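Data first, discussion second: the structure below is written as C-alpha cells.
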Amino acid sequence: MLEARSAQAQSPAAVRSRIIELTVNGERHEILVKPRNTIVEVLREKIGLMGTKHGCEQGACGVCTVLLDGRAVLGCLTLAVECDGKSVRTVEGLAQGGQLSPIQQAFLDQGAVQCGYCTAGMLMSATALLERNPKPSIAEIKKALEGNICRCTGYNAIVAAIQQASGQGVEPVMR
Amino acid sequence: MILFDFEYEPARSLPEASALLSRLGEGARAMGGGTDLLPKMRIAITRPTAIVGLSGIEPEPPSVTAEGGLRIDGLTTLAALARAPLVTTNLPMLAESARVVGSDQVREMGTLAGNLCQDTRCLELNQKHDYQFKAKCFKRGGECCYPFPNNRPGRCWSVYMSDIAPALIALNAEIETVHAAGGRRLAVAEMFSGQGIDPISLEPAELISAVITPPLPANFGWGYHKSSRRGGFEYAIAVIAVTLTLDASRQACTDARIVIGAIREKPVRVHEAERVLVGQTIDDALFAETVNAAVGEARPLRHHGFSRSYLIDNLRIYLRRVLIRAVERARGHASTT
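Residue numbers (my numbering), protein chains in the order written: chain W, 1 to 175; chain S, 1001 to 1337.
Here you go:
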C-alpha cells in the first residue's frame, strides 16, 4: 500500500493515448483509447454499441460480460489497451440476419427477461457455456451463470431458457 | 470508470516485465488478469502511475517435472488450471481449488500467480466512501483501524482471501520467481509476510513465473473445502485444505499438512493439530482431538461480518469432514477426482 500514500497520478496530458485495432462482432475498428478506458466504455461510448451495460464496475455483477476471443470476460475489468488485435463479441452480435439466436429466442420463450438489465451479460455467459458444452446439466448451467446477478427473475426461467436452447426438452411457456 | 490516468506498458516476457517494473519505479504495478487490481483502482485504494500488462505473454501448458510433480506457469488462467487434464488427474485438489474461485468470467481472466499475489481484504477497506478518504484506516495510510479500534498502531487485520494458496501450501508447493537480480525458488508458505498492510513479501519487481508441486507419495489423500454464503462467486468464509499420508496398512497417519485460509493475514498452517494426527491410528476420537487443536491454534479474525465464534464453529464442522474425506481418499474408498 505504499503507492497509495506516496504516488500521485500523473497529469492526464502526460499519458499517451494509443490506437488499438479491435474486431467487434466481425467488424474491424481502429480506436484511440487511454490506458484507463475499459472495453465497456469503448464499446458504448466510442463504437456506440449500447447493449453491453455498466453495472457494479467491480466485477461482481456480470452485466458487462462480453466474449473476448471466445472467452467470457468482464468488460469492466478489461482494459481496452489489452484488447489490441483481439476479437470481441457483444450481445448485438448474437442475432444473425434479423433472426434471433436460439438462446435469445429461448430467453423470450421462457420469460427469462424482466427488467432486462442483466440480460446482455446472461446471454453472453450462456453463449460461452453452450459453445463449450452444448448439453449442460442444470448444475453446470448454474455454475456457468454464478457470475451473473439477476434481481428480477429468480433465475429459474433463465436456467430453463438455456435448457430450451440446448434442446433438452423444455417447452416455451410465453407463446 | 477509473478516475485517474496511468501509463500502460505491455510486456512480452516476464524478465522484460520485471525490468519494466524496475525502470518505472515504485508506482508501477504488474497486472495479469486485473480482477484484483482494477477493482482496487476503481475505489482508489491503489493508484498506480503505470501498469505493466502481462496478458500478452502466452503461458506454457502444465508439465510433469523430472521429480514427478507438476510445473504450472504462473500466467495460467484459473479456468485453464481447473480444466487442464494433467491437473485434474494428477492434482485434483488444485483443480478443485481453482474451480471455486470467483465466477466463470473471473476464472477466465485471473491467473494463478495473480491469485497468489492478491491483496488482503476487509469489509471497511474495500469500499468507496468519502469518509474513507478523510479518515483513512492503517492500510490506506491513516491512523486508526476501524474494524479493530484497539489494534496496535500500524497493525492491519485485513484477511488474505486466496482459495488456491491453502491448497498449494498443503501440497508443499513452491514458487519460482523472476527478478532482475536473479530469480529464486521458495515455498508458497514463505511468500507471505503475515502483515495486513503489505501481505506479500516478494520484491516490488519480482514476479511469479511458475508453481511447482512435488510428487505425491503412496497412500496419499486430500480434502478441500471452501465455505461461502451462497456457494458461488464469493470470497470465502474459511478455506480448509488437508493432505495426509497413511502407512502401508492404511490405519495410521504418517504425514499431514492442515492449512486454513481466509481467516487471517496469511494462510495458517496448524502445526499443533498436525502433530496430534501424525503417528496415530485413525479413529473418531483422533479426528476430534485434531479439530480441537486446530481451532485453538487458528485464531480466526472476525471478518466480513462473521463473528469469531461462528468461524470457530465453521472450522469445527468442516475440518472434521475434510479430514474424513482425506482419509477416505488415502484408503482409496473415494474416487480421487
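Virtual Cβ for every residue (Gly too), placed ideally from N, Cα, C.
As the structure is a computational prediction, the values presented were derived from the model and not from experiment.
Cβ of residue i less than 8 Å from any chain S Cβ?
i, result
"W:Pro-35", "yes"
"W:Met-122", "no"
"W:Val-73", "yes"
"W:Ala-139", "no"
"W:Gln-105", "no"
"W:Val-42", "no"
"W:Gly-98", "no"
"W:Ala-161", "no"
"W:Thr-119", "no"
"W:Leu-49", "no"
"W:Glu-82", "yes"
Let me check one thing: in DSSP terms, what residues is residue i bridge-paired to?
i, result
"S:Val-1052", "S:Glu-1009, S:Ala-1030"
"S:Glu-1272", "Paired residue(s): none; S:Glu-1272 is not in a bridge."
"S:Thr-1077", "S:Thr-1111"
"S:Glu-1176", "S:Arg-1185, S:Ala-1210"
"S:Gly-1221", "S:Leu-1244"
"W:Glu-30", "W:Glu-21"
"S:Val-989", "No information on residue 989 of chain S is available, as it lies outside the stretch 1001 to 1337 that chain S covers here."
"W:Ile-149", "Partner(s): none; W:Ile-149 has no beta bridge."
"W:Leu-79", "W:Thr-38"
"S:Leu-1070", "S:Val-1064, S:Thr-1213"
"S:His-1129", "According to DSSP, which records beta bridges pairwise, S:His-1129 is partnered with nothing at all."
Does any residue of chain W bring its CB to less than 8 Å from the CB of residue i?
i, result
"S:Ser-1055", "yes"
"S:Leu-1244", "no"
"S:Asp-1130", "no"
"S:Thr-1111", "no"
"S:Ile-1002", "yes"
"S:Tyr-1008", "yes"
"S:Ser-1201", "no"
"S:Val-1106", "yes"
"S:Arg-1121", "no"
"S:Ser-1228", "no"
"S:Leu-1020", "no"
Using the C-alpha atoms, what's the distance from residue j back to residue i?
i, j, result
"W:Val-113", "W:Thr-119", "7 Å"
"W:Asn-156", "W:Ala-126", "14 Å"
"W:Lys-34", "S:Pro-1039", "18 Å"
"S:Gly-1034", "S:Thr-1046", "13 Å"
"S:Arg-1250", "S:Trp-1222", "14 Å"
"S:Glu-1108", "S:Gln-1280", "43 Å"
"S:Leu-1014", "W:Leu-108", "47 Å"
"S:Thr-1177", "S:Ile-1072", "13 Å"
"S:Ala-1017", "W:Glu-45", "31 Å"
"W:Pro-134", "W:Met-174", "24 Å"
"W:Ala-80", "S:Thr-1089", "36 Å"
"S:Glu-1272", "S:Ile-1258", "10 Å"
"S:Thr-1111", "W:Ser-137", "27 Å"
"W:Gly-55", "S:Asp-1036", "17 Å"
"S:Ala-1195", "W:Met-50", "Inspection of the sequence shows that residue 1195 of chain S is occupied by Gln rather than by Ala. Going by the C-alpha atoms only, they are around 44 Å apart."
"W:Leu-100", "W:Glu-146", "24 Å"
"S:Arg-1302", "S:Arg-1264", "9 Å"
"S:Glu-1274", "S:Thr-1254", "10 Å"
"S:Ala-1095", "S:Arg-1329", "16 Å"
"S:Ala-1030", "W:Thr-52", "28 Å"
"S:Gly-1332", "S:Thr-1245", "12 Å"
In the DSSP assignment, the beta strand (DSSP E) including residue i goes from what residue to what residue?
i, result
"S:Thr-1254", "1253–1261"
"W:Gly-51", "Run containing W:Gly-51: none; DSSP gives neither H nor E here."
"W:Val-73", "71–74"
"W:Thr-38", "Unbroken run through W:Thr-38: none, as it is neither H nor E."
"W:Ile-20", "18–24"
"W:Leu-68", "65–68"
"W:Val-88", "87–89"
Identify the continuous alpha helix (DSSP H) that holds residue i and give its terminal residues.
i, result
"S:Ala-1084", "Neither: S:Ala-1084 is in no alpha helix (DSSP H) and is coded neither H nor E."
"W:Gly-121", "119–132"
"S:Val-1322", "1308–1330"
"S:Tyr-1235", "S:Tyr-1235 -> no alpha helix (DSSP H), and no H or E assigned at all."
"S:Asp-1119", "Where S:Asp-1119 is concerned, there is no enclosing alpha helix (DSSP H), given that its DSSP letter is neither H nor E."
"S:Glu-1016", "1014–1024"
"S:Ala-1293", "1284–1298"
"W:Asn-156", "156–165"
For residue i, return the contacting residues in chain A, with the cut-off set at a CB-CB distance below 9 Å.
i, result
"S:Ile-1175", "Checking the listed chains, one finds no chain A in this structure; the protein chains it contains are W and S."
Flag residue i as yes when its Cβ comes closer than 7 Å to any non-hydrogen atom of the ligand ZN, and as no otherwise.
i, result
"S:Thr-1077", "Ligands are entirely absent from the displayed structure, and the ligand ZN is therefore not among its contents."
>> Measuring CB atoms only, is the region 1320–1329 of chain S touching the region 1282–1289 of chain S, in the sense that at least three cross pairs come out at less than 8 Å?
In response: yes
>> For the region 1201–1208 of chain S against the region 1178–1192 of chain S, do three or more pairs of beta-carbon atoms, one drawn from each stretch, fall closer than 8 Å, so that the two count as touching?
In response: yes
> Can we say the region 1152–1165 of chain S touches the region 1112–1127 of chain S, given the rule of at least three CB pairs closer than 8 Å?
Replying inline: yes
>> Pairs of beta-carbons, one from the region 140–154 of chain W and one from the region 91–101 of chain W, closer than 8 Å: are there three or more?
In response: no
>> Quick check: the region 1091–1105 of chain S against the region 1227–1246 of chain S, are at least 3 beta-carbon pairs closer than 8 Å?
In response: yes
>> Tell me whether the region 15–23 of chain W and the region 80–90 of chain W touch, counting them as touching only if at least three CB pairs, one residue from each stretch, are closer than 8 Å.
In response: yes
> Hey, is the region 1050–1059 of chain S in contact with the region 1072–1083 of chain S, meaning 3+ C-beta pairs nearer than 8 Å?
Replying inline: yes
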